[in-house]
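Scroll down for the structure; my scribbles are underneath it.
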Amino acid sequence: MPISQTRLKELASRSDKQIDYSDIPELDEAFFEKAQLVRPAADKRQITIRIDADVLDWFRGQGKGYQTHMNAVLKAYMHSQKP
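And the structure:
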């Protein structure tokens, strides 16, 4: 269920001291031992592109990382076209 604009404004107006963090677990040593630093590739560019609605819906339906997946498909096509 989407959050209402009224609720978003209410939450945004709270100070950090008013936020209850009690249900958020502490980050322990095990977390940081497994953590991996991920940096975006320096050669990526942000663009605006028009994609057919059904194509975009399909990629979005694949879940998180759909833009990375779209990039991988385009890159595979690019490599397949090299002589």
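Just add 7 to the spot in the sequence shown (first one is 1) and you have the working numbering. For each residue, glycine too, the CB sits at the ideal point set by N, CA and C.
- Boundaries cannot be given for Tyr-28, as no alpha helix (DSSP H) includes it and DSSP labels it neither H nor E.
- Scanning Ile-31, Ser-20, Thr-75 for the CA closest to the CA of Ala-48 turns up Thr-75.
- DSSP places Leu-63 in the helix class (H, G or I) of the three-state scheme.
- Check the Cα spacing between Asn-78 and each of Leu-18, Ile-56, Ala-19, Gln-43: the tightest is with Ile-56.
- If you look at Lys-41, you'll find it in the alpha helix (DSSP H) that goes 36-41.
- For Glu-17, the enclosing alpha helix (DSSP H) starts and ends at 12-19.
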